[in-house]
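2 protein chains.
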Amino acid sequence: MTTMGFVLYDYWRSSAAYRVRIALNLKGLSYASRPVHLVRDGGEQHSADYQAINPSQLVPSLLDGERVVTQSLAIMEYLDETHPEPALLPADARGRARVRALAMTVSSDAHPIGNLRVLQYLQSTFNADELQRADWSRHWIAVSFTALETMLANNAATGRYCHGDVPGMADACLVPQFYNALRWKLSLEPYPTLQRIYDECSALEAFRRAAPEAQPDAPAAAPA
Amino acid sequence: MTTMGFVLYDYWRSSAAYRVRIALNLKGLSYASRPVHLVRDGGEQHSADYQAINPSQLVPSLLDGERVVTQSLAIMEYLDETHPEPALLPADARGRARVRALAMTVSSDAHPIGNLRVLQYLQSTFNADELQRADWSRHWIAVSFTALETMLANNAATGRYCHGDVPGMADACLVPQFYNALRWKLSLEPYPTLQRIYDECSALEAFRRAAPEAQPDAPAAAPA
């Protein structure tokens, strides 16, 4: 722990960064935002300066004083270990496994496949046009949302939020992916439980302040 | 904890399942292997019976008695919490964050994009032929390996293995991805540290017994 505070290398529309913003807000931890523009000038995440912080050339990266932590889920686990209250994970091993599995169904099964660099590569390699890239994104979100809806609906462990009545790591992953689904105009009717939890979370200040449009680097009028 | 033992829904060539086999072996936990054939008959992971266990229709799934745990990294965390020794993660928050970030650089940044279902979808949507699918796989492995090599080389925390001199969660992710890289014939010269750690791990019984070709469902003569 340090008195120097947190610095978050961030991008308003990155859903991995959005997760960490939610987590920091839920814990009441203040941080300085350092935007990394993922598109301008070929992507500032590829600069030598940023690569020295994060060799994966992805956001987010969290500085805790001098210490660099990368990977959004590793950052959330780190925050939970160093600032335990309020917890992002439940106390019991079974509950922790459930929350991590829900979180990873977003962070491993959906998000990486629809990430910016994959869409850019689809365009350069297969000449995928805008419509095809949108179809691709929707397809993989739908695959993971179908799984998540089953995992969450009619499960006694699901409460007001993904796990019980306290928002945590699974919610911090679900909400940014739901934002992506809205952005890509995925039909959300098949996912009433996800919609309900998204609405519950959206009523919370910690989630609202983390929203893309509320970030300092968001354009004044965000593109559709 | 239970006396009923572990059952692993497994597939010999799944690198996510391979990670969990390594983890179970490192901890000296015996398990019954229940192979799920990912290709035959359109993929047994899509059967109603398997979907009832794992709505994501992916392997692995671990049964701990009656309890189902999914997502390979969530399974490893669960094993570390319920069977702490030997540990897959270091004791300090900083080290744990580093190991998780290394593990997720494989499990989130590389593996999902080259996964079977993505290759199948590339084929059906963009008519990607075998060569293009191989290029695609190599590309994303190279992207993550470049990051991993930087994260591991010349870092004081790297030892005989990814983190110190005890094999753990990061190694359990690296080795199966390295196996994939060999399978796709990625040139490995740029990654001497990954190669060295792969070789170190390959000398260990826990890793050797987890190898795809050592599994009960591996074909007698594995296809190239």
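Protein chains in written order, with our numbering: chain H, 1 to 224; chain U, 1001 to 1224. Glycine included, every Cβ here is placed at the ideal spot set by N, Cα and C. Note that the structure is a prediction, hence the values are computed from the model and not measured.
Under the criterion of beta carbons closer than 8 Å, A1074 of chain U and M76 of chain H do not qualify as touching, at roughly 13 Å.
For G1095 of chain U, the three-state secondary structure derived from DSSP is helix. Taking a Cβ-Cβ threshold of 7 Å, the residues of chain H close to T1070 of chain U are A101, in chain order.
When Cβ-Cβ separations below 9 Å define contact, A142 of chain H makes no contact with chain U. In the DSSP assignment, P1035 of chain U falls within the unbroken beta strand (DSSP E) covering Y1031 to P1035. Near chain H, meaning a CB-to-CB distance below 8 Å, the residues of the region 1067-1095 of chain U are R1067, V1069, T1070, Q1071, L1073, A1074, I1075, E1077, Y1078, E1081, T1082, A1093 and R1094. In the structure shown, G114 of chain H adopts helical secondary structure according to DSSP, grouped into three states. Distance from the Cα of R21 of chain H is smallest, within the candidate group H:E189, H:P60 and H:Q51, for H:P60. Residue environment for G1168 of chain U: buried (at least 16 other C-beta atoms within 10 angstroms of its C-beta). DSSP, read as helix, strand or coil, puts L1062 of chain U in strand. The beta-carbon of W184 of chain H is placed no less than 9 Å from the nearest beta-carbon of chain U. V143 of chain H: member of the alpha helix (DSSP H) spanning E130 to L152, first to last residue.
Considering only U:A1181, U:A1097, U:E1130 and U:Y1191, the residue with the shortest C-alpha distance to N1154 of chain U is U:Y1191. According to the DSSP assignment, Y78 of chain H belongs to the alpha helix (DSSP H) that extends over S72 to T82. Residues of the same chain with a CB within less than 6 Å of the CB of G159 of chain H, apart from the 5 flanking positions on each side, are D165 in chain order. In this structure, R183 of chain H keeps its C-beta atom at 9 Å or more from the C-beta atom of S107 of chain H. In the three-state scheme derived from DSSP, where H, G and I count as helix and E and B as strand, D1041 of chain U is classed as helix. Less than 9 Å separates the beta-carbon of S1056 of chain U from that of T1070 of chain U.
Identification of residues in the region 197-216 of chain H having a C-beta nearer than 8 Å to some C-beta of chain U yields an empty set.
Annotation: D10 of chain H is outside any alpha helix (DSSP H); the continuous beta strand (DSSP E) that includes it extends over F6 to D10. In terms of Cβ geometry, L1062 of chain U and Y1011 of chain U do not form a close pair [threshold 9 Å]. One thing to note: S1144 of chain U has its Cβ no nearer than 9 Å to the Cβ of Q1120 of chain U. Between the region 1123-1131 of chain U and the region 1090-1099 of chain U there are fewer than three C-beta pairs closer than 8 Å, too few to call the two in contact.
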